[in-house]
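Trainee: Residue numbers (the numbering used here), protein chains in the order written: chain A, 1 to 326; chain B, 327 to 656. Cβ atoms here follow ideal geometry from the backbone N, Cα and C, with glycine treated the same way. Keep in mind that this is a model prediction, so the values were computed, not measured.
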Amino acid sequence: MSTLLEIKNLNVQFDTDEGRIVAVENISLSVNAGEVLGVVGESGSGKSVTAKSIMQLNPGNTHYNENAEIIMDGENTLKFTSKEDLKKIRGGKVSMIFQEPMASFAPAIKIGAQMVEQLLLHKPIKKKEAKSISVDMLKRVGISDAENRFNQYAFELSGGMRQRAMIAMALSTMPKLLLADEPTTALDVTIQAQVINLIKDIIKEYKMGVMFITHDLGVIAQTADTVAVMYLGAIVEKGPVREIIKNPKHPYTRGLLKALPDVNNLDAPLQPIPGSIPSPLERPSGCVFRTRCPDPTHECKEGHIKMGLIEVSPGHWVDQCCVNCG
Amino acid sequence: MNDNLVNVKNVSVEFDYQENFLSKKQKIQAVKNVSLNIKKKSFLGLVGESGSGKTTLGKAILGANKISAGQVIFHDDDIDYDLANISKKELREYRKKAQLIFQDPYAALSPRMTVRDIIAEPLEVMKITKSREETDERVRDIASKCRLNLEHLRRYPHAFSGGQRQRISIARSLVSYPKFIVADESVAALDVSIQADILNLLKSLQQDLDLTYLFISHDLSVVAHTCDEVAVMYLGHIVEQAPSRELFTNPRHPYTKALLSSIPSIDPDDQKKAIELKGEIPSAMNPPSGCVFRTRCPHASQDGKEGSIEMGLVEVAPGHWVDRCGVNCG
């Protein structure tokens, strides 16, 4: 399998009134074609910021480090400055779907018009052709009566239908990489199951790479091939999905798994991870997880240990500090 | 001695609907002929997709929606409140006994009030406390029960994380010492680690304060872990009701089965296919005749398909009630 996206040593910082804060710290990850990378973590862990960096969609006060590289299809997208180059990745090679489809569609423009507009931007085709591609895509994602839906507004569709239309729109330009930012969080379980199956089918069909961001480990277990667990801007553990879920090494990953209610085991008590995620303004030195770690070693508590992933078994990487504690 | 706190009997809730000002007025039945008994000190879960009428039913019990038909009785120690014909004066009393916890702790708290003022506001509005000292004492008491520090009380909501805000929101709902709480998707907006914390808090508060909960949620795994009993709603009807363990190990209604199979399993090797329901919940304006689930039922019986079966719950095992149409086709 070929590597589609490779992120190397990415740091992202934001300038705020209270000073410069670290949103993402020194992360490296890759997505292969035809593969789903699941990114999990609490809110504020830097999942969305990472995804948006790929398309340079972060706000104006963002600083990327000089030696960071985001290689998409052989080109470093962080170095893109011209509108033409950015257009190639924004919606062209890379598409994104969001959590709240109502907020992502323009309310006063028909869905079809929005789909056609973005197709015309990215492909050298005629309007008529764009329409037929769009209607086909709507049918492909399971929207019945696609010709009529094409002429409706976003508010006329139900939640699940809107999310499907959103996926259809994101896929109509045939991107190589799909960034899915909590695409099922706002949906009912039955609709969630439909959307997950849809995304899986489409990946198989188009050999697309997907970065699937969610805080629901159940969704990850059912969709992802590899997983990266993020905490406070750093990747603390990554590896194949089976390894991460059945043999988690980092105390944070274990905490997330224990906090999750499991219908197959009703007697297991729910164990919250103690404390809450620190503010980025008070980022702990050394290991970022040490303020919430259930069993930190002495050096770790003092914040002397540098963060960095080490390989504990083939493809399974864990932050070096926490291999020893917990 | 009645061990039920709330009796809901054949309740329907209707809303007026008008497409535009020229068209005919229509009625939408959001809740239809629902009966439900909520036992004292129970943790009753109410699940279903959006649009199934969960929130409407919860609000009807709280007296926040007009009840079109049927009866809701709240049994207090010495007085029964009849919510369908309650006077304004009684309703004010009732509000002290029955409270609501909201979904979004970011929207529920005023950014311009300190946490102390937020929690104290219900006491002042309901005129429960006489003096400022008394108010402060009540606020401090409930805050410590909800695991908030005294130092937190001076701050504003923006200084708190999602989980802490939800605790503030819970403290505010509990400050009048209610007996009955409707928790409407109260953990849906929270991260899993915080969600577990809030669920444990709700449980321990139930012990401390003898609370009865109606816990509305669309997340079945959360409901399975916290509730003693669960009712499943679909398009305004309760289609199945049973003690949690019974419902999750032995679901009878095809809708419940589909919901349970849709929960993504945490085990990546568990590749059981979800029973996929075709399409989406039909519009409440134009519900199917007979069994409301028949348009999406994976194996509807002949009678079910034709819509000739009347809805109604039958008891299949002690305490386990299933809609009679769903018993046969499941």
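Any beta carbon from chain B within less than 9 Å of A/H215's own beta carbon?
Mentor: Stepping through the first sequence from its first residue, residue 215 of chain A is reached at position 215. Yes, its Cβ sits closer than 9 Å to a Cβ of chain B.
Trainee: The stretch 368-386 of chain B: which residues have C-beta closer than 7 Å to a C-beta of chain A, in chain order?
Mentor: E375 and S376
Trainee: Below 7 Å between beta carbons is the criterion; list the residues of the stretch 282-313 of chain A that meet it against any residue of chain B, in chain order.
Mentor: none
Trainee: To the nearest whole angstrom, what separates the beta carbons of B/A509 and B/F541, a pair I think is in contact under 8 Å?
Mentor: To locate residue 509 of chain B, count along the second sequence from 1; it is residue 183. To locate residue 541 of chain B, count along the second sequence from 1; it is residue 215. The C-beta distance from B/A509 to B/F541 rounds to 5 Å, short enough to fall under 8 Å.
Trainee: Can you give me the C-alpha to C-alpha distance between A/V22 and B/L476, rounded to a whole angstrom?
Mentor: Taking the first sequence and counting its residues from 1, the one referred to as residue 22 of chain A is at position 22. Taking the second sequence and counting its residues from 1, the one referred to as residue 476 of chain B is at position 150. When rounded, the distance between both Cα atoms is 31 Å.
Trainee: With a threshold of 16 other CB atoms inside 10 Å of the CB of B/Q344, please say whether the residue is buried or exposed.
Mentor: Within the second sequence, numbered from 1, the residue matching residue 344 of chain B stands at position 18. Exposed, because fewer than 16 other Cβ atoms sit within 10 Å of the Cβ of B/Q344.
Trainee: Using a Cβ-Cβ distance under 9 Å, would A/T190 count as near chain B?
Mentor: Position 190 of the first sequence holds residue 190 of chain A. By this cut-off, A/T190 is an interface position.
Trainee: What's the call for A/K128, buried or exposed, on a 16-neighbour Cβ count within 10 Å?
Mentor: The residue labelled residue 128 of chain A in the question sits at position 128 within the first sequence. Counting Cβ neighbours within 10 Å, A/K128 comes out exposed, since fewer than 16 surround it.
Trainee: How many Å lie between B/Q567 and B/F369 at the Cα?
Mentor: Here the question's residue 567 of chain B lines up with position 241 in the second sequence. Here the question's residue 369 of chain B lines up with position 43 in the second sequence. About 13 Å.
Trainee: If you scan the stretch 525-589 of chain B from start to end, which runs of the beta strand (DSSP E) of 3 or more residues do you find wholly inside it?
Mentor: 538-543, 555-560 and 563-569
Trainee: Are the stretch 182-192 of chain A and the stretch 631-644 of chain B touching, with three or more C-beta to C-beta distances below 8 Å?
Mentor: no
Trainee: Give me the Cα-Cα distance between A/R290 and A/E237, rounded to the nearest whole angstrom.
Mentor: The count along the first sequence starts at 1 and reaches residue 290 of chain A at position 290. The count along the first sequence starts at 1 and reaches residue 237 of chain A at position 237. Approximately 15 Å between the Cα atoms of the pair.
Trainee: For A/K176 and A/N247, I'd like the C-alpha separation in whole angstroms.
Mentor: Within the first sequence, residue 176 of chain A is the residue found at index 176, counting from 1. Within the first sequence, residue 247 of chain A is the residue found at index 247, counting from 1. Distance between the alpha carbons of A/K176 and A/N247 is about 31 Å.
Trainee: Since B/S591 meets chain A, which of its residues come closer than 9 Å, beta carbon to beta carbon?
Mentor: For the purposes of this step, residue 591 of chain B is identified with residue 265 of the second sequence, where counting begins at 1. By Cβ distance, chain A contributes G218, A221, Q222, D262, V263 and N264.
Trainee: Helix, strand or coil: which one does DSSP assign to A/V23?
Mentor: Here residue 23 of chain A is taken as the residue at index 23 of the first sequence, counted from 1. Sequence check: residue 23 of chain A is Ala here, not Val. Three-state result, A/A23: strand.
Trainee: Determine, using beta carbons only, whether B/A643 comes closer than 9 Å to chain A.
Mentor: Numbered from 1 along the second sequence, position 317 holds the residue referred to as residue 643 of chain B. By this cut-off, B/A643 is not an interface position.
Trainee: By the DSSP assignment, the alpha helix (DSSP H) with B/F400 in it spans what residues?
Mentor: Start at 1 with the first residue of the second sequence, and residue 400 of chain B comes out as number 74. Taken as a continuous stretch (DSSP letters only), B/F400 belongs to no alpha helix (DSSP H), being part of the beta strand (DSSP E) at A395 to H401.
Trainee: Helix, strand or coil: how does DSSP classify B/G652 here?
Mentor: Taking the first residue of the second sequence as position 1, residue 652 of chain B is located at position 326. The answer is helix: DSSP assigns B/G652 an H, G or I state.
Trainee: Does the beta carbon of B/M327 come closer than 9 Å to any beta carbon on chain A?
Mentor: Translated into positions along the second sequence, residue 327 of chain B becomes position 1. Interpretation of B/M327 is limited by its pLDDT of 49, a score under 50 that renders its predicted location unreliable; the figure taken from the coordinates is listed afterwards. Not one chain A Cβ lies under 9 Å of B/M327.
Trainee: Applying the 10 Å Cβ sphere with the 16-neighbour rule, what's the burial state of A/H35?
Mentor: For the purposes of this step, residue 35 of chain A is taken as residue 35 along the first sequence, with counting starting at 1. Looking at the sequence itself, residue 35 of chain A is Glu, so the reference to His does not match. Label assigned to A/E35: buried.
Trainee: Using the DSSP secondary-structure output, state which residues sit across from A/G209 in a beta bridge.
Mentor: What you label residue 209 of chain A is simply residue 209 of the first sequence in a count that begins at 1. Answer is A/L177, bridged to A/G209.
Trainee: With DSSP run on the structure shown, which of helix, strand or coil describes A/R90?
Mentor: Taking the first sequence and counting its residues from 1, the one referred to as residue 90 of chain A is at position 90. Here A/R90 sits in strand by DSSP.
Trainee: Can a CB atom of chain A be found closer than 9 Å to the CB of B/N475?
Mentor: The count along the second sequence starts at 1 and reaches residue 475 of chain B at position 149. By this cut-off, B/N475 is not an interface position.
Trainee: Anything in chain A within Cβ reach of B/R571, meaning under 7 Å, just list it in chain order.
Mentor: Working through the second sequence from its first residue, we reach residue 571 of chain B at position 245. Under the 7 Å cutoff, chain A gives L266.
Trainee: Between A/V195, A/D262, A/I244 and A/E69, which lies nearest to A/W317 when the distance is taken from Cα to Cα?
Mentor: What you label residue 317 of chain A is simply residue 317 of the first sequence in a count that begins at 1. Per the Cα distances, A/I244.
Trainee: When you compare the CB of A/P272 with every CB in chain B, is at least one pair closer than 9 Å?
Mentor: Locating residue 272 of chain A in the first sequence gives position 272, where the first residue counts as 1. Yes, A/P272 lies at the interface with chain B (some Cβ there is under 9 Å from its Cβ).
Trainee: How many Å lie between B/Y503 and A/L257 at the Cα?
Mentor: As a working note, residue 503 of chain B is residue 177 in the second sequence. As a working note, residue 257 of chain A is residue 257 in the first sequence. Taking the straight line from one Cα to the other gives about 35 Å.
Trainee: Flag B/A550 as yes if its beta-carbon sits less than 9 Å from any beta-carbon of chain A, otherwise no.
Mentor: Residue 550 of chain B sits at position 224 when you count from the first residue of the second sequence. It does; some Cβ of chain A falls within 9 Å.
Trainee: In chain order, what residues of the same chain lie with their CB nearer than 7 Å to the CB of A/L138, ignoring the 5 residues before and after it?
Mentor: In the first sequence, the residue the question calls residue 138 of chain A occupies position 138. Excluding positions up to five away in sequence, the list reads A146, R149, F150, A165 and A168.
Trainee: Pick helix, strand or coil for A/I70, following the three-state DSSP scheme.
Mentor: Within the first sequence, numbered from 1, the residue matching residue 70 of chain A stands at position 70. The answer is strand: DSSP assigns A/I70 an E or B state.
Trainee: Let me know the secondary structure DSSP gives B/M327 once reduced to three states.
Mentor: Numbered from 1 along the second sequence, position 1 holds the residue referred to as residue 327 of chain B. Note that B/M327 scores a pLDDT of 49, beneath 50, so its modelled location is shaky and nothing firm can be said.
Trainee: Using a C-beta cutoff of 9 Å, does B/P594 count as contacting chain A?
Mentor: For the purposes of this step, residue 594 of chain B is taken as residue 268 along the second sequence, with counting starting at 1. Yes, its Cβ sits closer than 9 Å to a Cβ of chain A.
Trainee: So which residues on chain B does A/S159 lean against when the C-beta distance must stay under 8 Å?
Mentor: Your numbering for residue 159 of chain A matches position 159 in the first sequence. Position check: residue 159 of chain A holds Gly in this sequence, whereas Ser was assumed. Neighbours of A/G159 on chain B, chain order: S376.
Trainee: Using only the alpha-carbon positions, how far apart do A/N264 and B/R571 sit?
Mentor: Reading the first sequence from its first residue, position 264 is the one you call residue 264 of chain A. Reading the second sequence from its first residue, position 245 is the one you call residue 571 of chain B. When rounded, the distance between both Cα atoms is 11 Å.
Trainee: Among the residues of its own chain, which have a CB less than 7 Å from the CB of A/A261, if the five just before and after it don't count?
Mentor: By 1-based counting over the first sequence, the position of residue 261 of chain A is 261. Sequence inspection shows Pro at residue 261 of chain A; the Ala mentioned does not correspond to that position. Hits under 7 Å: L270.
Trainee: Is the separation between the beta-carbon of B/G371 and that of B/V549 shorter than 9 Å?
Mentor: Looking up residue 371 of chain B in the second sequence gives position 45. Looking up residue 549 of chain B in the second sequence gives position 223. Yes, the Cβ-Cβ distance between B/G371 and B/V549 is below 9 Å.
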